[in-house]
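Residue numbers (the numbering used here): 1197 to 1372.
Beta carbons are placed, not taken as given, at the ideal position from N, Cα and C, and that holds for glycine.
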Amino acid sequence: MKIFIDPGHGGKNPGAIGPNGLYEANVNLDIALKLGRILSNWGYEIKYSRKTDITVTLSERARMANEWGADYFVSIHCNSNVNPEANGTSTYFYRVGTIAENFARIVNNNLVRQIERKDLGIFSANFAVLRLTRMPAILVETAFISNPVEANLLATNTFRQNCAVGIANGIAQFTT
């Protein structure tokens, strides 16, 4: 089973920046690498859109997954909002009624259970990495980097590891 892991942002695009100075791109990369290690240990084949802080376009991310022939695509992000009180976890997919919708639901449920944050649910979205991939694709928003409490959690190795475990558990539940 081939899982393509996409740590969102990177390089010239740091993503959102938390009130504690945390860069989303760095958090996404750390969670993605932890996720990849877990899944590799469980026998999955893993490929990443990036393993360092480099710029990769959205279309390039999808192209890499498509050319590799990934079975599933998982993009890792932190949410952000102008309201610093916004908090919780959500997962996005492209089309309602598809395998990706069920994939998003199972991964989101496992992640919420693991990290014990508010469940905001799953949503259909026209994001390039979801639209341009040819396999079931999801985009996970682990927590709000704009929320001081969640930003402080995202700054810890333990919380990031728990994010990776929750996502991995969802992938395993969905693919077995």
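Test item: CB-CB of residue i and residue j under 7 Å
i            : j            : result
residue 1300 : residue 1287 : yes
residue 1303 : residue 1204 : no
residue 1221 : residue 1201 : no
residue 1245 : residue 1257 : yes
residue 1254 : residue 1199 : no
residue 1270 : residue 1334 : yes
residue 1268 : residue 1326 : no
residue 1197 : residue 1266 : no
residue 1278 : residue 1310 : no
residue 1349 : residue 1340 : no
Through-space distance from residue j to residue i, alpha-carbon basis
i            : j            : result
residue 1344 : residue 1217 : 10 Å
residue 1308 : residue 1225 : 20 Å
residue 1315 : residue 1274 : 14 Å
residue 1212 : residue 1263 : 29 Å
residue 1208 : residue 1347 : 21 Å
residue 1363 : residue 1353 : 15 Å
residue 1320 : residue 1337 : 13 Å
Given residue i as reference, the closest of the options once Cα atoms are compared
i            : options                : result
residue 1284 : 1363, 1312, 1265       : 1312
residue 1215 : 1292, 1249, 1351, 1238 : 1351
residue 1305 : 1368, 1292, 1341       : 1368
residue 1292 : 1322, 1342, 1281, 1279 : 1322
residue 1372 : 1251, 1240, 1282       : 1240
residue 1242 : 1357, 1232, 1363       : 1232
residue 1280 : 1250, 1272, 1247, 1342 : 1342
**Message:** Just to confirm the assignment: which complete beta strand (DSSP E) runs, minimum length 3, are found wholly within the segment 1265-1334?
**Reply:** As far as the segment 1265-1334 is concerned, its whole beta strand (DSSP E) runs of at least 3 residues are 1268-1275, 1285-1289, 1315-1320.
**Item:** Ranges of the beta strand (DSSP E) found wholly within the segment 1335-1360, counting only runs of at least 3
**Value:** none
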